[in-house]
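> There's a structure below that I have some questions on.
Take a look at the structure:
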């Protein structure tokens, strides 16, 4: 692309650095901002700058927060002995939306991935093991994505905490609610048979 | 979506104001910026702010430029009597990439669209008509999108300039190079038959 303006080119290149945004999309977004009143650009850039500079991670669960201890960790009605291990803040939001979980979280900040160069030391694993060592936890629930990286991370953490003799569980893998059986992949279908649940407990959650 | 942080929520909402970006994509982009060094956010916000505040539109053709007269209008080797009318800067870039056009441009800044509330007065039409009145122009080439809005805009401008007796043309509509005939829509195919060109002139451009 040959740009008629250096300022335009810089802006497009910076926006195109974002994941999943190519040069054409970046161009469309930048031209949109040019057509809008300049207040919109000010609001956008200020919100991003403020967020990047001032955001805090909860000292307890490493979730994104406005305070040093997040609202979930600060809530006395929640069960602080059950810890759900998740990848990032989006997973906390997804689980909170179900309104089914009353424990607290531990946000790892990613998954172990040799391909992307993410090693265990870059994740919040040490602080999780410490929590277990200090006997503050009775159950750990793994809620990572069901991928190679997710399974590797689960196993890595499990090896470090199994000596402490606490309950370690993982969220159920099975057929999604509303899915037709014939379209399910065989691994998922196989696991859902292997880990079948008593019918009476299945109708309780409906 | 329930956010764990007001700063995060603000940033996501502002990014989601951009066209074609939903809340989930905005969340992904914002979390990406949080994982990157803060320099990336600084570079992005500064590039956008600088562009929005300092960008100039060429006084002659209304194209985005770093100077009051853009490089194309300032180029003495180009034919200033041929004016190609386009919607926005992306069309200028697309035509420049063909390296087939040696005239200058006139950027309207949009198309007449009652549905989107864009009236002729919001576009750079007056200055185009003035150029024609001042007899600076020998040919006008319409290169707007082949849509209802594009055709309306062409016709609106044509009515205002036809009295001045200059050449007015529009870019050819026809089968795209490399396209199979059987998949072409009938309007395009019909027009390409109606506006057929001498075979000898068609092989010249190959």
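Protein chains in written order, with the UniProt record's numbering: chain D, 1 to 206; chain Y, 1 to 206. Every residue gets a Cβ at the ideal spot worked out from N, C-alpha and C, and that includes glycine.
Could you check the C-alpha separation between residue 131 (chain D) and residue 99 (chain D) for me, to the nearest Å?
25 Å
> Taking residue 172 (chain Y) as the reference, give the member of Y:186, Y:194, Y:79 with the closest Cα.
Y:194
> According to DSSP, simplified to helix, strand and coil, what is residue 62 (chain D)?
Assignment of residue 62 (chain D) by DSSP, reduced to helix, strand and coil, places it in the coil class.
> Give me, in chain order, the residues of the same chain whose beta-carbon lies closer than 8 Å to that of residue 60 (chain D); leave out the 5 immediate sequence neighbours on both sides.
Excluding positions up to five away in sequence, the list reads 69, 70, 73, 104.
> Mind listing which residues of the UniProt domain "Toprim" (81-176) of chain D have their C-beta closer than 9 Å to chain Y's C-betas, in chain order?
88, 89, 90, 92, 93, 96, 97, 109, 110
> Counting only C-beta atoms, is residue 62 (chain Y) closer than 9 Å to chain D at any point?
no
> Suppose the cutoff is 8 Å on Cβ atoms and the five residues either side in sequence are ignored; what does the same chain contact list for residue 110 (chain D) look like?
87, 88, 118, 122, 123
> Report yes or no: is there a C-beta of chain Y within less than 9 Å of the C-beta of residue 204 (chain D)?
no
> Return the residue from the list Y:169, Y:75, Y:135 that minimises the CA-CA distance to residue 213 (chain Y).
For residue 213 (chain Y) there is no data in the structure shown, the boundaries of chain Y being 1 and 206.
> Which residue spans inside the region 1-56 of chain D form an unbroken beta strand (DSSP E) run of at least 3?
none
> Does the region 134-143 of chain D come within contact of the region 77-84 of chain D, defined as at least 3 CB pairs closer than 8 Å?
yes
> By the criterion of Cβ-Cβ separation under 8 Å, what are the contact partners of residue 184 (chain D) in chain Y?
Chain Y residues near residue 184 (chain D): none, gap ~25 Å exceeds 8 Å.
> Starting from residue 55 (chain D), find everything on chain Y with Cβ-Cβ shorter than 8 Å and list it in chain order.
5, 7, 8, 34
> Which first and last residues belong to the alpha helix (DSSP H) in which residue 190 (chain Y) is found?
Unbroken alpha helix (DSSP H) run through residue 190 (chain Y): 186-194.
> I need the straight-line Cα distance from residue 42 (chain Y) to residue 125 (chain Y), nearest angstrom please.
Near 38 Å, if we compare the C-alpha coordinates of residue 125 (chain Y) and residue 42 (chain Y).
> Can you give me the C-alpha to C-alpha distance between residue 113 (chain Y) and residue 9 (chain Y), rounded to a whole angstrom?
For residue 113 (chain Y) and residue 9 (chain Y), the gap between their C-alpha atoms comes out near 34 Å.
> Under 9 Å between beta-carbons, which chain D residues line up against residue 189 (chain Y)? List them in chain order, please.
Chain D residues near residue 189 (chain Y): none, gap ~28 Å exceeds 9 Å.
> Using the C-alpha atoms, what's the distance from residue 67 (chain Y) back to residue 15 (chain D)?
Roughly 23 Å between the two C-alpha positions.
> Between the beta-carbon of residue 29 (chain D) and the beta-carbon of residue 21 (chain Y), is there less than 9 Å?
yes
> For residue 120 (chain D), which of D:191, D:158, D:32, D:96 has the nearest alpha-carbon?
D:158
> Between residue 49 (chain D) and chain Y, is there a C-beta pair that is closer than 9 Å?
yes
> Would you say residue 201 (chain Y) lies against chain D (beta-carbon separation less than 9 Å)?
Residue-level contact check: residue 201 (chain Y) does not touch chain D, since none of the beta carbons of chain D fall below 9 Å from its beta carbon.
> Name the chain Y residues whose beta carbon is nearer than 9 Å to that of residue 44 (chain D)?
11, 14, 15, 17, 18, 45, 48
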